[in-house]
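Engineer: Top line first, the protein sequences correspond to chains R and L. Just so you know, the first sequence maps onto residues 465 to 578 in my numbering. Just so you know, the second sequence maps onto residues 465 to 578 in my numbering. Cβ atoms here follow ideal geometry from the backbone N, Cα and C, with glycine treated the same way. The structure displayed is predicted, hence computed values, not measured ones. I am attaching a structure below and will ask some questions about it afterwards.
Protein chains: 2
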Amino acid sequence: MSDLDTTFTALADPTRRAILARLASGEATVMELSEPFTLSQPAISKHLKVLQKAGLITRSRDGTRRPCRIQPETLAQATHWLEEFRKLWDARFRALDDLLDDMKAGHEPGPRDH
Amino acid sequence: MSDLDTTFTALADPTRRAILARLASGEATVMELSEPFTLSQPAISKHLKVLQKAGLITRSRDGTRRPCRIQPETLAQATHWLEEFRKLWDARFRALDDLLDDMKAGHEPGPRDH
DNA sequence: GACATATTTCACCATTTAGTTATATATCTT
DNA sequence: AAGATATATAACTAAATGGTGAAATATGTC
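The structure is reproduced here in structure tokens:
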């Protein structure tokens, strides 16, 4: 499974997005992360494992606690894909606009000067 | 299932991302989209249905063909979520940096003036 | 109307996912 | 060493996913 696959899969779940949003405002333990949800604690642990495998969070040890924090690089990768995609898409539409301009201007499609 | 759920789920599959990338350079039929893959054609139809349900593509009719094209608004929504998330994340780190600066400057954490 | 082509739908299968409860492990406290 | 707390793992279940081949549907053509 590619990096982007696991990243987008991880982001596809609302619980996991909520966990990430919570972590954006600082480190938190499993208990703290479980609190807002009706889910069982093992369910949250599972979600955390998915986020960790996707490289979206890292975990440390503090006594009996295993605090989580965000690892921003991986998200940057996903953003990058979307951004590249948008560029491709924009390029296509600039080309299409130019073509339409040309047709309107004089029925002679060719290179433009802007 | 929320919009973001279906969007990110759709983006989590490499075949579907490849289809989107192909569509970024212009409309294409199911046959054309199937061609690069070893998958059966019904498999591609399924992927297209997922993309359509997610609002990532639209479809029209041209004789017996059902050409697909990208619908950019939905992708913009996903990008927006990532962007908002990044802002939250950045804000946290600006706050943390300020705190560290304060500690270095004189052991008196408090509001800054920049 | 018969035929060919493009696409969808159907019935099925294997795998993965998200959840559960119960149990195990690890660490701190006494 | 015993007990308490935080977390992980195990065993299980129900539903979703991604694939298949075979058949149905829709449209254009002869």
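If you follow the alpha helix (DSSP H) that Arg481 (chain L) is in, where does it begin and where does it stop?
Structural biologist: Numbered from its first residue, the second sequence carries residue 481 (chain L) at position 17. Taken as a continuous stretch (DSSP letters only), the alpha helix (DSSP H) holding Arg481 (chain L) covers 478 to 488.
Engineer: Taking only the alpha-carbon atoms, compute the straight-line gap between Leu487 (chain L) and Lys510 (chain L) and give it to the nearest angstrom.
Structural biologist: As a position in the second sequence, residue 487 (chain L) is number 23, starting the count at 1. As a position in the second sequence, residue 510 (chain L) is number 46, starting the count at 1. If you take the alpha carbons of Leu487 (chain L) and Lys510 (chain L), they lie about 16 Å apart.
Engineer: Indicate the three-state DSSP secondary structure (helix, strand or coil) for Ala492 (chain R) in the structure shown.
Structural biologist: For this step, residue 492 (chain R) is matched to residue 28 along the first sequence. Three-state DSSP puts Ala492 (chain R) in a strand.
Engineer: Considering Cα atoms alone, identify which of R:Leu503, R:Thr528, R:Glu496, R:Thr538 is closest to Gln516 (chain R).
Structural biologist: The residue labelled residue 516 (chain R) in the question sits at position 52 within the first sequence. Answer by Cα proximity: R:Thr538.
Engineer: Please go through the same chain and pick out, in chain order, the residues whose beta-carbon is closer than 6 Å to the beta-carbon of Arg422 (chain R), but skip the five residues on each side of it.
Structural biologist: Outside the displayed span of chain R (465 to 578) sits residue 422 (chain R), for which this structure offers no information.
Engineer: Can Asp542 (chain R) and Thr470 (chain R) be called in contact, C-beta distance under 8 Å?
Structural biologist: Locating residue 542 (chain R) in the first sequence gives position 78, counting from the first residue. Locating residue 470 (chain R) in the first sequence gives position 6, counting from the first residue. In the sequence under discussion, the amino acid at residue 542 (chain R) is Ala, which differs from the Asp named in the question. No, these two residues do not count as a Cβ contact at 8 Å.
Engineer: For chain L, find out if any of its Cβ atoms is closer than 8 Å to the Cβ of Arg481 (chain R); answer yes or no.
Structural biologist: Along the first sequence, read from residue 1 onward, the residue named residue 481 (chain R) stands at position 17. True, the Cβ-Cβ gap to chain L drops below 8 Å.
Engineer: Can you name the start and end residues of the beta strand (DSSP E) that Thr522 (chain R) belongs to?
Structural biologist: If you number the first sequence from 1, residue 522 (chain R) lands on position 58. First-last of the beta strand (DSSP E) with Thr522 (chain R): 521 to 523.
Engineer: Does Thr543 (chain L) get closer than 8 Å to chain R when you measure Cβ to Cβ?
Structural biologist: Against the second sequence, residue 543 (chain L) aligns to sequence position 79. With 8 Å as the cut-off, Thr543 (chain L) counts as an interface residue toward chain R.
Engineer: Determine the chain R residues that contact Ile521 (chain L) at a beta-carbon separation under 7 Å, and present them in chain order.
Structural biologist: Start at 1 with the first residue of the second sequence, and residue 521 (chain L) comes out as number 57. Going along chain R, no residue has its Cβ under 7 Å from Ile521 (chain L), so there is no contact; the nearest lies around 12 Å.
Engineer: Are the Cβ atoms of Thr479 (chain R) and Leu512 (chain R) separated by less than 8 Å?
Structural biologist: The residue labelled residue 479 (chain R) in the question sits at position 15 within the first sequence. The residue labelled residue 512 (chain R) in the question sits at position 48 within the first sequence. It is not a contact, given that the beta carbons lie outside the stated cut-off.
Engineer: Have a look at the DSSP bridge pairing and note the partners of Ile508 (chain L).
Structural biologist: Reading the second sequence from its first residue, position 44 is the one you call residue 508 (chain L). Per DSSP, none; premise fails for Ile508 (chain L).
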